[in-house]
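For the sequence shown, counting from 1, position 38 maps to 1504 in the working numbering; every step adds exactly one.
All residues carry an ideal CB built from backbone N, CA and C; glycine is no exception.
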Amino acid sequence: MERVWVTRASPTVQAVVDPVTAACEQGFVPTTVHLVRNPSVEEAADEALTTIEAIVDTYGESVTTHTERLADERDFEDIAEYYRDAVTDAPADSEIAVDLTPGRKFMAAMAFQAARQFDADRIHYLYIHDSKYYDRPYPEVPRTAVDLMDFTEVIG
1467 MERVWVTRAS PTVQAVVDPV TAACEQGFVP TTVHLVRNPS VEEAADEALT TIEAIVDTYG
1527 ESVTTHTERL ADERDFEDIA EYYRDAVTDA PADSEIAVDL TPGRKFMAAM AFQAARQFDA
1587 DRIHYLYIHD SKYYDRPYPE VPRTAVDLMD FTEVIG
């Protein structure tokens, strides 16, 4: 079964890769990653994808990555299309996780709506309890200071 991770780039690489690490630790090791990016985060997006490939490799899997490049971060129609396509184009037996953690609030809102509307299996947010752990690699954060939330369990 394919495990699909849908996310977006951020200037903060850890915001993109730490939720993937947490998901892998909990048994969801993505085989496909979709990432949307805009010109202001190109370098961070490349670093995040390279890091995700290394993380997934340590869990004994290989990952296929797909990126969508936006001309402008406020290209709302393209953002909506990205989320819709990433969720609906996955093979029927895929387990799909949409990550709300990285990026701007409006993108998280759009990601959440698309995840609900198109029946993603998981809607994740990596909640860090203390700001002193922001931008720290996930392995350095005490497990009591971080939770990988799945809003499908909260909302139903």
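* Could you say which of 1589, 1567, 1607 lies nearest to residue 1619 if we only look at CA atoms? => Here residue 1619 corresponds to residue number 153 of the sequence shown, with the count starting at 1. The option with the nearest alpha carbon to residue 1619 is 1589.
* According to the neighbour-count rule (16 or more other Cβ atoms, all chains shown, within 10 Å of its Cβ), is residue 1467 buried or exposed? -> Within the sequence shown, numbered from 1, the residue matching residue 1467 stands at position 1. Burial call: exposed.
* To do: Could you tell me which residues DSSP pairs with residue 1565 in its beta bridges?
  => If you number the sequence shown from 1, residue 1565 lands on position 99. DSSP lists 1590 as partners of residue 1565.
* If you drop the 5 nearest sequence neighbours on each side, which residues of the same chain put their C-beta closer than 6 Å to that of residue 1505? -> For the purposes of this step, residue 1505 is taken as residue 39 along the sequence shown, with counting starting at 1. If we look at residue 1505 and ignore the five residues flanking it on each side, it has no Cβ neighbours.
* To do: Determine which residues share a DSSP beta bridge with residue 1615 and list them.
  => To locate residue 1615, count along the sequence shown from 1; it is residue 149. DSSP lists 1591 as partners of residue 1615.
* Asked: In terms of alpha-carbon separation, which member of 1488, 1475, 1521, 1470 lies closest to residue 1615?
  -> Position 149 of the sequence shown holds residue 1615. Nearest of 1488, 1475, 1521, 1470 to residue 1615, Cα basis: 1488.
* To do: Could you have a look at residue 1501 and say whether DSSP puts it in helix, strand or coil?
  => For this step, residue 1501 is matched to residue 35 along the sequence shown. Residue 1501 falls in the strand class under three-state DSSP.
* Asked: By the 10 Å Cβ neighbour count, where 16 or more other Cβ atoms means buried, how is residue 1480 classified, buried or exposed?
  -> Locating residue 1480 in the sequence shown gives position 14, where the first residue counts as 1. Buried, since its Cβ has 16 or more Cβ neighbours within 10 Å.
* Asked: Below 8 Å between beta carbons: does that hold for residue 1529 and residue 1498?
  -> Walking along the sequence shown from the start, residue 1529 turns up at place 63. Walking along the sequence shown from the start, residue 1498 turns up at place 32. In this structure, residue 1498 lies closer than 8 Å to residue 1529 by Cβ.
* Asked: Leaving out five residues before and five after residue 1584 in sequence, what residues of the same chain have Cβ atoms less than 8 Å from its Cβ?
  -> Indexing the sequence shown from 1 puts residue 1584 at position 118. Only 1549, 1550, 1553, 1554 meet the Cβ criterion.
* **Three-state class that DSSP yields for residue 1547 in the structure shown** => As a first step, residue 1547 must be located in the sequence shown, where it is residue number 81. Of the three classes helix, strand and coil, the one that applies to residue 1547 here is helix, per DSSP.
* Paired residues, beta bridge with residue 1535 - DSSP -> Against the sequence shown, residue 1535 aligns to sequence position 69. DSSP output for residue 1535 lists 1503 as bridge partner(s).
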